[in-house]
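K.L.:
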């Protein structure tokens, strides 16, 4: 079968890791790179592609490239929606880096376009495809901890405030909520479903973005999730799923773990299960997209679009409570 031809939009640090793992996926090729900078596109294509990898000095040129099947979008959050819609309208599948879009309305635009045109789209939530997380979900489905009742998760790092850094620019979708908060929210949604209550608190930086924050999510039948994120405090990055008969520890860092521990009693040491990832861990989501395209599927059953919309809804409610206003950048393409 012909290789699935990938393009990368936004040749940055994460895109470089994706390109490295893409080289491990059988039946794929990095066909093109798109950037607003022709020089950056060319340099990325030379480093991560082959002699036939095309470098496009605009996103429109990449979208119009007839020899691209799927585009990995790694631009800043506000640019995701317009670029994804343009790709989908050009019959190109998309893998959109998390957070999927800057706003809930932007997410709906992408999802509606994908479904209207019957073209594959998926959020690049690599956590759901990690072998250790796949095994955790199997254990939960098999009743290993009884009925899942609650989730705890933390994700903190230390970042120096830099007004020129995307992470500290509200216009570029910066802040801990979209950069870090998406992970525990998506993790909780994966385990417990869609919450019906959201409570968020956070501090603000001088640039206007949120820095340290916490969320309490409420779910039907008294279930809940607690989580915190930070730009100023390192934290282990651990998650824990509590059930009615036991619990599962997802050891750091939970968004790309290699070890989970199954517990049935407070006094036991637990059953340690180690399942390392391939490559840097991004390999598994790339395999999912490639397999879906070969089967003609328009959505992933592991990371369905309805789950992405649910997560975006939580982030939007939290942003509203925190007074954060994000906007989509429709000038991208």
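Numbering (my numbering), first residue to last: 6 to 338. Note that beta-carbon positions come from the ideal geometry of N, C-alpha and C, so glycine has one too.
(1) Tell me, which residues are paired with residue 256 by DSSP?
(2) Should residue 276 go down as buried or exposed, given a rule of 16 or more other Cβ atoms within 10 Å for buried?
(3) Counting C-beta neighbours from all protein chains within 10 Å, is the total for residue 7 16 or more, i.e. buried, or is it exposed?
(4) With distance defined between alpha-carbon atoms, name the residue in 210, 128, 119 nearest to residue 328.
(5) Is the separation between the beta-carbon of residue 18 and that of residue 37 shorter than 8 angstroms?
(6) Assuming residue 134 and residue 293 form a contact by the criterion Cβ under 8 angstroms, report the distance between their Cβ atoms to the nearest whole angstrom.
(7) Buried or exposed: residue 80, going by 16 or more other Cβ atoms within 10 Å of its Cβ?
(8) Starting from the C-beta of residue 154, find all residues in its chain whose C-beta is less than 7 angstroms away, skip the five residues before and the five after it, and write them out in chain order.
(9) Please report how far the alpha carbon of residue 2 lies from the alpha carbon of residue 39, in whole angstroms.
(10) Based on the DSSP output, what are the partners of residue 215 in its beta bridges?
(11) So, for residue 262: in the same chain, excluding its five sequence neighbours on each side, which residues have a beta-carbon less than 7 angstroms away from its beta-carbon?
(12) I need the boundaries of the beta strand (DSSP E) containing residue 35, first residue and last residue.
(13) Start and end of the beta strand (DSSP E) containing residue 268?
(14) Leaving aside the five residues before and after residue 107 along the sequence, list all residues of the same chain whose C-beta is less than 6 angstroms from its C-beta, in chain order.
(15) Would you kindly check if the distance between the Cβ of residue 116 and the Cβ of residue 314 is under 8 angstroms?
(16) Check each candidate in 225, 206, 156, 213 and name the one with the smallest Cα separation from residue 326.
(17) Taking the continuous beta strand (DSSP E) assigned at residue 235, which residues delimit it?
(18) I need the straight-line Cα distance from residue 92 to residue 54, nearest angstrom please.
(19) Which runs of the alpha helix (DSSP H) fall wholly inside the stretch 94–168 and span at least 4 residues, in chain order?
(20) Can you tell me where the alpha helix (DSSP H) with residue 299 in it begins and where it stops?
(21) Residue 11 to residue 21, Cα distance in whole Å?
(22) Just to confirm, are residue 30 and residue 288 a CB contact at a threshold of 8 angstroms?
(23) Pull up the CB-CB distance for residue 129 and residue 100, whole angstroms please, since I reckon it's below 8 angstroms.
(24) Tell me whether the stretch 157–164 and the stretch 230–237 touch, counting them as touching only if at least three CB pairs, one residue from each stretch, are closer than 8 angstroms.
(25) Going by Cα to Cα distance, which pick from 226, 220, 306, 290 is closest to residue 323?
(26) Is it the case that the Cβ atoms of residue 202 and residue 182 are separated by a distance below 8 angstroms?
(27) Residue 46 to residue 14, Cα distance in whole Å?
(28) Measure the beta-carbon distance from residue 244 to residue 158 and round it to whole angstroms, keeping in mind my assumption that it falls under 8 angstroms.
(29) Exposed or buried, what is residue 119 when buried is set at 16 or more other beta-carbons lying within 10 Å of its beta-carbon?
(30) Assuming residue 215 and residue 180 are in contact, meaning their beta carbons sit under 8 angstroms apart, how far apart are those beta carbons, in whole angstroms?
(31) Alpha carbon to alpha carbon, how far is residue 88 from residue 309? Give it in angstroms, no decimals.
(32) Within 8 angstroms (strictly less), CB to CB, does residue 205 reach chain D?
(33) Thinking C-beta only, is residue 145 closer than 8 angstroms to residue 74?
(34) I need the DSSP call for residue 247, collapsed to helix, strand or coil.
P.N.:
Concretely, from the data shown:
(1) Bridge partners of residue 256: none, in fact.
(2) exposed
(3) exposed
(4) 210
(5) no
(6) 6 angstroms
(7) buried
(8) 228, 247, 248, 249
(9) Examination of residue 2 is not possible in this model, given that the chain is present from 6 through 338 alone.
(10) 209
(11) 135, 137, 138, 255, 256
(12) 33–39
(13) 264–268
(14) 82, 83, 178, 331, 333
(15) yes
(16) 206
(17) 228–235
(18) 21 angstroms
(19) 109–122, 136–146
(20) 288–300
(21) 13 angstroms
(22) yes
(23) 5 angstroms
(24) yes
(25) 220
(26) no
(27) 9 angstroms
(28) 4 angstroms
(29) buried
(30) 4 angstroms
(31) 20 angstroms
(32) This model lacks chain D altogether; it includes just one protein chain.
(33) no
(34) strand
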